[in-house]
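Just below is one structure, and these are the notes that go with it.
Number of protein chains: 2
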Amino acid sequence: MRVIDNIEIVIQPTSEEKAALEKMLRPRLLAKNELFLKEGEVCTTIGFIEQGSARLFYIVDEREISKDFLFENAIIGSFASFFSQLPSSLNVAALEETHILEMDYRQVMYLYDHYPAWQKLGRIIAQDQFIRSERREASLLKDSPELRYLSLIEEHPKVFKRVPLHYIASYLGITPETLSRYRQKFKH
Amino acid sequence: MRVIDNIEIVIQPTSEEKAALEKMLRPRLLAKNELFLKEGEVCTTIGFIEQGSARLFYIVDEREISKDFLFENAIIGSFASFFSQLPSSLNVAALEETHILEMDYRQVMYLYDHYPAWQKLGRIIAQDQFIRSERREASLLKDSPELRYLSLIEEHPKVFKRVPLHYIASYLGITPETLSRYRQKFKH
DNA sequence: GCTGCTTCTTGATTTTGATCAAGTAGGTTT
DNA sequence: AAACCTACTTGATCAAAATCAAGAAGCAGC
C-alpha cells in the first residue's frame, strides 16, 4: 500500500478533506524492536511509515514467522484487527528506529463517515491490500520455496539489504539453514 | 463474503438504494465445469451465487491448483482482476450447475459513485475479502499440510461433501496421493 | 582490545511429501 | 451389460527441506 501515492492518483481530495486528515495524524517514534502491536491486542491505531521499517510476524511454537516487511509509505498495523476491531493474531515491530504518523480507529471512521473522498480511499486501500495478500497467497500455494527466494531477490532486492536473513527465511517458509544454502547455490 | 448477510447487518440501504442494486442484477445459469472467467481475461462481471458452487484455480505447468471454493451467497469472480480491471491470473469455473445473479463493472462503479451505502458496502466487502485472504495466507505460511487438512475437516467439513478430493488436494498444497494417505491415517 | 551475543554458514542425518507405477471402484455412455 | 473414463487408493522409491550439531563471522558493550 503506497497510500500517499494513491491519495493524489486515484482520488481528488479537496483541501478541506486534506486538512481534516492531516489534523488527525500525530507523529510517533518507534525504537528498534519496539512492538507497535502485540498478538491478542486489538489494533486501535494505524500509521504511515515516514522513515524506517517494520516486520509483521506470527508466533508459532515459540518461533517467530515473518508475514511481511514494511518500508517507507506503507501502512503499519494489522488491517485485519483494525477493520474488525478484534484481537490481532499477529505482532508488529519496528526493524529499526522508525518514524510514523498515526491515527486512531475512531478518527478513521469519522473520516469515512464525513468525507466521501476518504470513504472511497478506504475502499481502494482495502482492495489494494486484498490484491497484495492474494498475490502472496498464490506464491505460497503455487511456487516452490526456491522459486519464492528467486522471485524475492528479483522483485524486492532491497529486502535483503534491510532485513536480517533469518527473518527472510521464515517469510519464505524455510529455515535459515535452507536460505543459506540457496544463497550459496545461486551465488555467481 | 456473505454479501446478502452483510448488506442488512452492516449498512442500512434505503429502499431506493436496494432498488438500484436489484435492477442491475441479472440471472445466469452456469453449466457444470463452465468457465465463468478464464486466465488472461479481464473480470468485467461479478456475481452472487444463489445456488451451486464454483472453484477458483491457477494453472501451473499444465496442472490445476485450486485456490478456493465458493458456495451459496459467495461472490463469484476474481476480485483482483475486477478491482484492477487487469487480466486475471486465475480461472473460475462452476463445480456443478450453478445459478448466479451478476452485474458488470460499470454498473458497480455507478452504484459506488451514486449511492454512499454501496460505496461503504464496497469497502466492507473488500475488507472482508482481505481478512479471508490473510487468514488463508497465514495457514499456508504457518501450518503443515497435515494441519491444514485437519483444520479444513474441522472448520469446513461440507467442502469434503461437495468438492472432489483431487481439487481439495491442490487446495491444501499436496498431491492427491498424500491426501489419500491423510484420510487413511486419520480415519477412525 | 577482549567478551559475549546474535547472525549466518556448513555438514550429517532424518523426515515429509512428491513422484512413479499399478490397481480398484464408481459412474456414465452406448 | 460392457466399455470407458474419472476419481481414488496403495506401494516403492526419490527428492527436498527440516533437524541436529557445530563452527565462523560480525557487532555491541565493557
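Protein sequences, first through last, are from chains D and E. Take the first sequence: its letters are residues 412 to 599, numbered as in this note's numbering. Take the second sequence: its letters are residues 412 to 599, numbered as in this note's numbering. Yeah, the Cβ is synthetic: ideal placement off N, Cα and C, and Gly gets one too.
Item: Residues in its own chain within less than 6 Å of P424(E) by CB, not counting five upstream and five downstream?; Value: A528
Item: Which whole-angstrom value describes the C-beta separation of A442(E) and L506(E), a residue pair presumed to lie in contact below a C-beta threshold of 8 Å?; Value: At roughly 11 Å, the Cβ-Cβ gap does not stay under 8 Å, so A442(E) and L506(E) are not in contact.
Item: Measuring only the C-alpha atoms, how far is D479(E) from E427(D)?; Value: 43 Å
Item: Shortest alpha-carbon distance to D524(D) belongs to which of Y521(E), I585(E), T456(E) and R534(E)?; Value: R534(E)
Item: Can you check whether the CB of L552(D) is closer than 9 Å to the CB of G584(E)?; Value: yes
Item: Determine which residues share a DSSP beta bridge with M514(E) and list them.; Value: I457(E)
Item: Closest by CA to F571(D), which one among A491(D), L481(D) and I418(D)?; Value: L481(D)
Item: Based on DSSP bridge pairs, tell me the residues matched to P498(E).; Value: V453(E)
Item: Along the beta strand (DSSP E) that carries V471(D), what are the first and last residues, could you check?; Value: A465 to V471
Item: Got a sec, what are the start and stop residues for the beta strand (DSSP E) I476(D) sits in?; Value: R474 to L481
Item: Of all the CB atoms in chain D, is at least one closer than 9 Å to the CB of L551(E)?; Value: yes
Item: For chain D, check one thing: does any of its Cβ atoms lie closer than 9 Å to the Cβ of I542(E)?; Value: yes
Item: Please state the DSSP three-state secondary structure of P527(E).; Value: helix
Item: Quick check on DSSP: helix, strand or coil for V519(D)?; Value: helix
Item: Distance check for I579(E) and R592(E), CA to CA, integer angstroms please.; Value: 14 Å
Item: Looking at C-alpha atoms only, which residue of L432(E), L590(E) and K449(E) is the closest neighbour of G488(E)?; Value: K449(E)
Item: List the residues of chain E whose Cβ lies closer than 7 Å to the Cβ of R534(D), in chain order.; Value: Q530, G533, R534 and A537
Item: Beta-carbon of S495(E) versus every beta-carbon of chain D: anything under 9 Å?; Value: yes
Item: Could you compute how far the alpha carbon of E588(E) sits from the alpha carbon of E557(E)?; Value: 13 Å
Item: In this structure, how does DSSP classify A442(D) when only helix, strand and coil are distinguished?; Value: coil
Item: Could you give the DSSP three-state label for T509(E): helix, strand or coil?; Value: strand
Item: Between L501(D) and chain E, is any beta-carbon pair separated by less than 9 Å?; Value: yes
Item: With 8 Å as the limit, tell me which residues of the stretch 463–497 of chain D have their beta carbon closer than that to any beta carbon of chain E; keep them in chain order.; Value: Y469, V471, I476, K478, F490, A491, F494 and S495
Item: Ignore the nearest five residues each way along the sequence and tell me which others in H577(E)'s own chain have a CB closer than 7 Å to its CB.; Value: P587
Item: Please report the straight-line C-alpha distance between M412(E) and E545(D), rounded to a whole angstrom.; Value: Unreliable positioning characterises M412(E) in this predicted model, as indicated by a pLDDT of 38, which lies under 50. The coordinate reading is nonetheless provided below. Their backbone Cα atoms lie some 15 Å apart in a straight line.
Item: A504(E) by DSSP, collapsed to three states: which one?; Value: strand
Item: Looking only at its own chain, which residues have a Cβ that is under 8 Å from the Cβ of H567(E), when we skip the five neighbours before and after it?; Value: none
Item: Specify the secondary structure class of I487(E) as computed by DSSP and reduced to three states.; Value: strand
Item: What is the DSSP secondary structure of R413(D), counted as helix, strand or coil?; Value: Caution applies to R413(D), whose pLDDT of 45 falls short of 50 and renders its modelled position unreliable; the value that the coordinates give is listed next. Note: R413(D) maps to coil in three-state DSSP.
Item: The alpha helix (DSSP H) that contains P587(E), what's its start and end?; Value: P587 to F597
Item: Would you please verify whether the beta carbon of G451(D) is less than 9 Å from any beta carbon of chain E?; Value: no
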